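Below is one structure; the comments refer to it alone.
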Amino acid sequence: MSGSSRSEVKQPTWLHGLLSLIFPGLGQAWRRDTMRAAGIFLAVATALAIAIWYHWRTGQTFWYVFVALLHAWNVWDAMRVKGAPIFLAALPWLVIAYGIGWQATEVDPMALVENWERSSSILRSLTRPDFLARNTESFEGWVSVEVPCSTEPPLAERMNANGIHIRVSPNCAAPRETLIVVVDGLWPDHPTQLTWHTPIGDTQLLGGDNFNQMLVIQSDTEGHLTALIQVPARALTAAPDPNAPNLHKVYVSQQRELPGITFSENGRYVVQGIYETLAMALLTTVVGAVLALPFAFLAARNLMSGNPITMTIYVIVRSFLNITRSIEALIVAFIFVVIVGLGPFPGVLAMIVHTVAALGKLYSEVIEGIDPGPIEAVRATGASWLQTILYAVVPQIIPTFTALTIYRWDINIRTATIIGFVGGGGIGFFLWQWIIKQDYRAISSAFIAIVILVTIMDFFSARVRERLV
Amino acid sequence: MLRIENLTKVYPNGTQALKNVSFEVQEGEFLVVIGLSGSGKSTLLRCINRLIEPTEGRILWDDIDITAAKPRQLRAIRRQIGMVFQQFNLVKRSKVITNVLSGRLGYTNPWLSLFGLWPSGEKQRAHRALERVGISEKADSRADALSGGQQQRVGIARALMQEPRLILADEPVASLDPVLAHSILGYLEMLNQDGATVICSLHFLDLVHRYATRVVGLKDGLKVFEGLPKEIDRQRFKEIYGEEAQEVRAATMEAA
Amino acid sequence: MLKRILRLLLQIILFIGIVMAFAFSVRVTDPDLGKLFSSSAQARQIIDPLLRPDLVTRDSETRFLSLDFPVPCGSAPEGEALGSGPRIEIEPGCAEVGETVLLRGSGLPENTDVVVRWRLSSEGTLSLQRLTTDAEGHFELEVQARAIATTQEGVAPQIEAEYTLPGGTLHLSQAFKDVINEIFVTFLMALLATTIGTIIAAPISFVASQNITRIGCVGSGAYYLSRSFLNIIRSFEVLVVASIFALIVGYGKPFAGIIAMVFVTTASLGKMFSESVEGIDPGSIEALTATGANRFQVIMHGVVPQVIPDFLSYIIYHWDINIRISTIVGFVGGGGIGFYLSERLKSFEYAKASTAIIVIVVIVMALDFLSAEIRKRLT
């Protein structure tokens, strides 16, 4: 409120108070103090809306007291020459907004403490990212066994190509029956894992009382091993007809560490996710920037304000860009996933849509802000329309366009890291799987990879933009 | 009252702003420092209240070594030294009265001033200070709504709040036109007559002749002159400001 | 000359590099534009309901017509059909198990959906068929008496026809009410997150400003520490943080979303604040230091008044951003409108999802406008 508007302010009276009593801010508006009036109206309206909403949701009426206080303040303010102190109005508003906000959003700092064990276990695994693993070498063999028995079961003996010989007797069994496994040709004196593979590829464990542990047996000095195993009770549950005999497999495998480190399985997914993310960001930025150009010209007021038809186009394009921009790419991605299925493609489509909307608006603002001086000057030399565009308009907008595009690329990298959460590809896709599986070490490696990626890109894009502008 | 001994300042980039400068200031003097831009005038003034840390040398304030003062002691010394700046250095978004009151920060309870609560005595003092520089009616305006001359008067009022024994004025009139220059220097002279010692850096020779009781001349960080204003003739002037500057400077001065 | 050639060469290399990266990107992401057209069936399945948002419902009255139908015959009295008005009749009025009878309805509203079902003596129901009346408000249906629907303890099963009377007043649908409810939660989530973020970011931003802190060894240390802190949390992706906190505090709780938003808000407000602090007029710091004020007083009286308008404008700007963010943190279990939307999308209730999207668009655009206006006034 500048000094000049103050001097125009009429002497406040009970009339202003009455007006404000009827409608918050009306008295102030009558005094020509429009900014204050608008502020007061907004404050009372939002406070009332929140209070009504909370009343409707929970039945609490207590909060209306503060709305009444705020309204009373508004009347008082209208009646005072210098206005009432603003902090007295801020107080009830803040009480309503934060009081209700605190309850409605279920802010519960205790949840962090109560779930401390959980969070600390999460945090602990977060410090051990699953990205690299030691090189390992494995030595494996298998043999098929018929379950349940047919009249003529095939021989349960197999010589594997790597020299592991396995014999299981008898040749067939029903669930819960015991089999003798004799293996030769293993690495001597080395722990050996035995597992059961059903015909549908399901792996079942053979150790422990409830068959929920890995069965590990040490091979002897000749690389020989004899073990008793029980056919898992659930070996047949997934089969279409539990009574039909099927070939199951008994697997033996040995593993040893080799010198050197390599990516772990999840680490490889992280790498794949990162380059998918980068690829998505680059693709969407380039395609989005190109597609945004025509929209930008159609949404530039100074180019379109010539006649009613172009003005209509301007309004339509502008509104289209604004509406599209206010729907987050993630939401659009979800819709595209339903249409074209999982993978990077729906993510790319959604990001292109959002990029076109955002860049279209930013570009159009650049076009609206160009200096008409050079255009006039070039036109004065007798240049054609195209020449005018080439020599007066393009040089003005190119650096800013480039800077905005790089800025958008930066944003798209961030978006591409999370678009996979709804199935849109990139590292987010893997990350979401790990979050569902609660594989915190894998989450950690993805998280760290994203942090590094974003930091590097941030730095890089800031430097490039600095040089451009 | 103030003795400067072998003061040297070397900036981190290697610039030698002051080279072994020594002089003494007596109580009640209006000492003017002259010299070209970059001759070390601002550095010299800022070394006195240690806004800039001197590299070598000592500054004695009533036999207390300012250069060796601990932070708390330094603040106690600073509050006795008012400072007036070329660019006024007001908090532009704050009100004039707030700016003036901020001159009192060295005296007040930091917690009270934090919330903008000032004892009424301080407020009265601020209004009196504004009255003395003749702009009491602007107390509730925002500082950036004032003209340059008015802003400088607020700057002086702020220095006044400190009840300073010494006022450091760093080119207080360089950003103002000549008429305003006389008015601002008039206020400084008034304070000087009320008992405050003034150290002021100036550009224009006629202002030096008019206000100074003593003059120190700096050139490239060296003290090249110390004496009475009337001793500065064309020859001296040429020594301080260099050969080429002479004609231009002289012309400017006469115009002023 | 050589320099120019080198520069040209560099530009060509850069161009080729970009083209190659682009080609690689196309290969990796494998965009299949044909799929976009070939999957029009799926598209219609989601776009159609999205275009028909569930905003209003018509007040409708559900009516029931029922008739006792003893099985087997004689186990209970037969129901008597009404002579006029909406009515159902059965021929014959009773049946043995396995026999088929004809159910006829008449006097009903035209072209209206009717659900026919058994109301068993045990109070349970058994749906038979959903059909539509003809232009005269008439329908016919063959019904087979089944063993499950027999008279028990002297109570005959009933055949029941349910239909709704059209008309009544328009009023807001339940989905719309739910969405409004969630919008309030979202608004408050953004408000809380912005506030908490500001409270954390403001002090940090002063420490992370060169002109305030970077003096002496301790100061430089604090400066670099706070700077790196802000830079690191700036690269935390909000959805990732939200999903991790959703695991800790509970899936679908707005609190998880708030925590995630506090992270982003702190990071970006901290950066913007410190840039604003670094951009202040150093003169007033100098002047206040010269009066003998301590460092704290210099900040409170010399720096804070200068940066307040900037800070306010950034806070409002970020509140706007937080509203946008809170429309998506729900997708990973962060609560608010995003959670509602993702749950509706996951359960194929696209019309309700559409309601949420429309309200999101309206709210985001309105707040965008409002925050831009307020910021314009501030500076």
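These protein sequence lines are chains X, R and A, in that order.
Going letter by letter, the first sequence gives residues 1 to 469 in my numbering.
Going letter by letter, the second sequence gives residues 1001 to 1256 in my numbering.
Going letter by letter, the third sequence gives residues 2001 to 2379 in my numbering.
Think of the CB as a built atom: it goes at the ideal place given N, C-alpha and C, for glycine as much as any other residue.
Every value quoted in this text rests on a predicted model; they were computed, and no experiment measured them.
Task: Presumed contact (8 Å Cβ cut-off) between leucine 1090 of chain R and glycine 1155 of chain R, rounded CB distance - done: Walking along the second sequence from the start, residue 1090 of chain R turns up at place 90. Walking along the second sequence from the start, residue 1155 of chain R turns up at place 155. 6 Å between Cβ atoms; contact.
Open item on the list: Rounded to the nearest angstrom, what separates valine 1025 of chain R and leucine 1176 of chain R at their Cα positions?
Closed with: To locate residue 1025 of chain R, count along the second sequence from 1; it is residue 25. To locate residue 1176 of chain R, count along the second sequence from 1; it is residue 176. Roughly 27 Å between the two C-alpha positions.
Task: Unbroken alpha helix (DSSP H) run spanning phenylalanine 1023 of chain R, endpoints - done: One-based indexing of the second sequence puts residue 1023 of chain R at position 23. From DSSP, phenylalanine 1023 of chain R is part of no alpha helix (DSSP H) but of the beta strand (DSSP E) over 1016-1025.
- [ ] Look at leucine 2188 of chain A and isoleucine 2328 of chain A and say whether their C-beta atoms are less than 8 Å apart.
- [x] Within the third sequence, numbered from 1, the residue matching residue 2188 of chain A stands at position 188. Within the third sequence, numbered from 1, the residue matching residue 2328 of chain A stands at position 328. Contact: no.
Open item on the list: So the candidates are R/Thr1043, R/Trp1118, R/Arg1093, R/Gln1086; which of them puts its Cα closest to the Cα of leucine 1101 of chain R?
Closed with: As a working mapping, residue 1101 of chain R is identified with position 101 in the second sequence. The option with the nearest alpha carbon to leucine 1101 of chain R is R/Trp1118.
Open item on the list: Which of the three DSSP states is assigned to proline 191 of chain X in this structure?
Closed with: Within the first sequence, residue 191 of chain X is the residue found at index 191, counting from 1. Note: proline 191 of chain X maps to strand in three-state DSSP.
Open item on the list: Can you give me the C-alpha to C-alpha distance between aspartate 1194 of chain R and glycine 25 of chain X, rounded to a whole angstrom?
Closed with: For the purposes of this step, residue 1194 of chain R is identified with residue 194 of the second sequence, where counting begins at 1. For the purposes of this step, residue 25 of chain X is identified with residue 25 of the first sequence, where counting begins at 1. C-alpha separation (whole angstroms): 53 Å.
Open item on the list: Short of 8 Å Cβ to Cβ, which residues in the segment 333-345 of chain X face chain A?
Closed with: Listed by position along the chain: Phe334, Ile335, Val338, Ile339, Val340, Gly341, Gly343, Pro344, Phe345.
TODO: Starting from lysine 1223 of chain R, follow the beta strand (DSSP E) in both directions and report where the run begins and ends.
DONE: Translated into positions along the second sequence, residue 1223 of chain R becomes position 223. Note, lysine 1223 of chain R: beta strand (DSSP E), 1222-1227.
Task: Burial state of aspartate 2054 of chain A, where buried means 16 or more other Cβ atoms lie within 10 Å - done: Numbered from 1 along the third sequence, position 54 holds the residue referred to as residue 2054 of chain A. Around the beta carbon of aspartate 2054 of chain A, 16 or more other beta carbons sit within 10 angstroms, so the residue counts as buried.
TODO: State yes or no: is the beta carbon of methionine 1083 of chain R nearer than 8 Å to at least one beta carbon in chain A?
DONE: The residue given as residue 1083 of chain R occupies position 83 in the second sequence. It does; some Cβ of chain A falls within 8 Å.
Open item on the list: Run through the DSSP bridge pairs and tell me what phenylalanine 2139 of chain A is partnered with.
Closed with: As a working mapping, residue 2139 of chain A is identified with position 139 in the third sequence. In DSSP, phenylalanine 2139 of chain A forms a bridge with A/Gly2105.
Open item on the list: Counting only C-beta atoms, is asparagine 1109 of chain R closer than 8 Å to chain A at any point?
Closed with: As a first step, residue 1109 of chain R is located in the second sequence; it is residue number 109 there, counting from the start. Not an interface residue.
- [ ] State buried or exposed for arginine 2058 of chain A, treating a residue as buried only when at least 16 other CB atoms are found within 10 Å of its CB.
- [x] The residue labelled residue 2058 of chain A in the question sits at position 58 within the third sequence. Exposed, since its Cβ has fewer than 16 Cβ neighbours within 10 Å.
Open item on the list: Any C-beta of chain A within less than 7 Å: which residues of the segment 275-309 of chain X qualify?
Closed with: Within the segment 275-309 of chain X, the residues whose Cβ lies closer than 7 Å to some Cβ of chain A are Tyr275, Glu276, Ala279, Met280, Leu282, Leu283, Val286, listed in chain order.
Task: Neighbourhood of glutamate 1254 of chain R by C-beta, 6 Å cutoff - its chain only, sequence neighbours within 5 removed - done: The count along the second sequence starts at 1 and reaches residue 1254 of chain R at position 254. Any answer about glutamate 1254 of chain R is weak, because its pLDDT of 42 lies below 50 and its placement is not dependable; what the coordinates show is given next. Leaving aside the five residues that flank glutamate 1254 of chain R on each side, none in its chain has a CB nearer than 6 Å to its CB.
- [ ] Measure from the alpha carbon of tryptophan 53 of chain X to the alpha carbon of each residue in A/Val2185, A/Ala2256, A/Ile2321, then state which is nearest.
- [x] Here the question's residue 53 of chain X lines up with position 53 in the first sequence. Among A/Val2185, A/Ala2256, A/Ile2321, the Cα nearest to that of tryptophan 53 of chain X belongs to A/Val2185.
Task: C-alpha gap between isoleucine 2304 of chain A and glutamate 2182 of chain A, whole angstroms - done: By 1-based counting over the third sequence, the position of residue 2304 of chain A is 304. By 1-based counting over the third sequence, the position of residue 2182 of chain A is 182. A small fix is needed here, since residue 2304 of chain A is valine in this sequence, not isoleucine. Between valine 2304 of chain A and glutamate 2182 of chain A, the alpha-carbon positions lie close to 37 Å from each other.
Task: Nearest-angstrom Cα separation, counted from valine 2097 of chain A out to isoleucine 327 of chain X - done: The count along the first sequence starts at 1 and reaches residue 327 of chain X at position 327. The count along the third sequence starts at 1 and reaches residue 2097 of chain A at position 97. Linking isoleucine 327 of chain X to valine 2097 of chain A through their CA atoms gives a straight-line distance of about 58 Å.
Open item on the list: Counting only C-beta atoms, is glutamate 1254 of chain R closer than 8 Å to chain A at any point?
Closed with: Translated into the one-based positions of the second sequence, residue 1254 of chain R becomes position 254. For glutamate 1254 of chain R, the predicted structure reports a pLDDT of 42, less than 50, and the residue's modelled location is therefore unreliable. A value from the coordinates is still provided. No, no contact with chain A.
Open item on the list: Can you give me the C-alpha to C-alpha distance between leucine 2051 of chain A and leucine 298 of chain X, rounded to a whole angstrom?
Closed with: Walking along the third sequence from the start, residue 2051 of chain A turns up at place 51. Walking along the first sequence from the start, residue 298 of chain X turns up at place 298. Spanning the two alpha carbons is a distance of roughly 26 Å.
Open item on the list: Please tell me whether leucine 2103 of chain A and arginine 2087 of chain A are closer than 8 Å, where the distance is taken between their beta carbons.
Closed with: Counted from its first residue, the third sequence places residue 2103 of chain A at position 103. Counted from its first residue, the third sequence places residue 2087 of chain A at position 87. Note that the C-beta distance between leucine 2103 of chain A and arginine 2087 of chain A is not below 8 Å.
- [ ] Report yes if the C-beta distance between isoleucine 1167 of chain R and valine 1216 of chain R is below 8 Å; otherwise report no.
- [x] Here residue 1167 of chain R corresponds to residue number 167 of the second sequence, with the count starting at 1. Here residue 1216 of chain R corresponds to residue number 216 of the second sequence, with the count starting at 1. If you check the CB distance, isoleucine 1167 of chain R and valine 1216 of chain R do not come in under 8 Å.
- [ ] Classify glutamate 257 of chain X as helix, strand or coil using the three-state DSSP reduction.
- [x] Counted from its first residue, the first sequence places residue 257 of chain X at position 257. DSSP places glutamate 257 of chain X in strand when its eight states are reduced to three.
Task: Supposed close pair methionine 1001 of chain R, aspartate 1065 of chain R - CB separation, criterion 8 Å - done: Within the second sequence, the letter at position 1 stands for residue 1001 of chain R. Within the second sequence, the letter at position 65 stands for residue 1065 of chain R. 14 Å between Cβ atoms; not a contact.
Task: Backbone secondary structure at threonine 13 of chain X - three-state DSSP - done: Locating residue 13 of chain X in the first sequence gives position 13, counting from the first residue. In this structure, threonine 13 of chain X counts as coil in the three-state DSSP scheme.
TODO: Could you check what DSSP says for isoleucine 2199 of chain A in three-state terms: helix, strand or coil?
DONE: Numbered from its first residue, the third sequence carries residue 2199 of chain A at position 199. It is helical.
Open item on the list: Please report whether the beta-carbon of proline 2305 of chain A lies at a distance below 8 Å from any beta-carbon of chain R.
Closed with: Taking the third sequence and counting its residues from 1, the one referred to as residue 2305 of chain A is at position 305. Against chain R, the CB of proline 2305 of chain A has a partner CB under 8 Å away; the residue lies at that interface.
Task: Beta-carbon contacts of glycine 2336 of chain A that lie in its chain and below 8 Å, excluding the five residues immediately before and after - done: Counting from 1 along the third sequence, the entry for residue 2336 of chain A is found at position 336. Exclusion of the five residues before and after glycine 2336 of chain A leaves Glu2182, Val2185, Thr2186, Met2189, Pro2254, Gly2257, Ser2326, Thr2327, Val2329, Gly2330 as the residues of its chain whose Cβ lies within less than 8 Å of its Cβ.
- [ ] Report the neighbours of glycine 101 of chain X on chain A: residues whose CB is nearer than 7 Å to its CB, in chain order.
- [x] Taking the first sequence and counting its residues from 1, one reaches residue 101 of chain X at position 101. Residues of chain A whose Cβ lies closer than 7 Å to the Cβ of glycine 101 of chain X are, in chain order, Leu2188, Leu2191, Leu2192.
Task: Rounded separation between leucine 1207 of chain R and glutamate 1226 of chain R - CA only - done: Taking the second sequence and counting its residues from 1, one reaches residue 1207 of chain R at position 207. Taking the second sequence and counting its residues from 1, one reaches residue 1226 of chain R at position 226. In this structure, the CA atom of leucine 1207 of chain R is about 17 Å from the CA atom of glutamate 1226 of chain R.
Task: N- and C-terminal bounds of the beta strand (DSSP E) containing alanine 1169 of chain R - done: Stepping through the second sequence from its first residue, residue 1169 of chain R is reached at position 169. Taken as a continuous stretch (DSSP letters only), the beta strand (DSSP E) holding alanine 1169 of chain R covers 1166-1170.
Open item on the list: On the CB-based measure, 16 or more other CB atoms within 10 Å of its CB, does cysteine 2217 of chain A come out buried or exposed?
Closed with: What you label residue 2217 of chain A is simply residue 217 of the third sequence in a count that begins at 1. Flag for cysteine 2217 of chain A reads exposed.
Open item on the list: Strictly below 7 Å CB to CB, what residues from chain A border isoleucine 96 of chain X?
Closed with: Translated into the one-based positions of the first sequence, residue 96 of chain X becomes position 96. Here the premise fails: no neighbours, minimum Cβ distance about 10 Å.
Open item on the list: Which same chain residues end up closer than 7 Å to phenylalanine 2245 of chain A when comparing Cβ atoms and leaving out the 5 residues on each side of it in sequence?
Closed with: Counting from one through the third sequence, the residue named residue 2245 of chain A turns up at place 245. So the qualifying residues of the chain are Ala2256, Ile2259, Ala2260.
TODO: Give the interface partners of arginine 1079 of chain R over in chain A, defined as CB-CB distance under 7 Å, in chain order.
DONE: Against the second sequence, residue 1079 of chain R aligns to sequence position 79. The CB of arginine 1079 of chain R comes closer than 7 Å to the CB of Thr2291, Gly2292 in chain A, given here in chain order.
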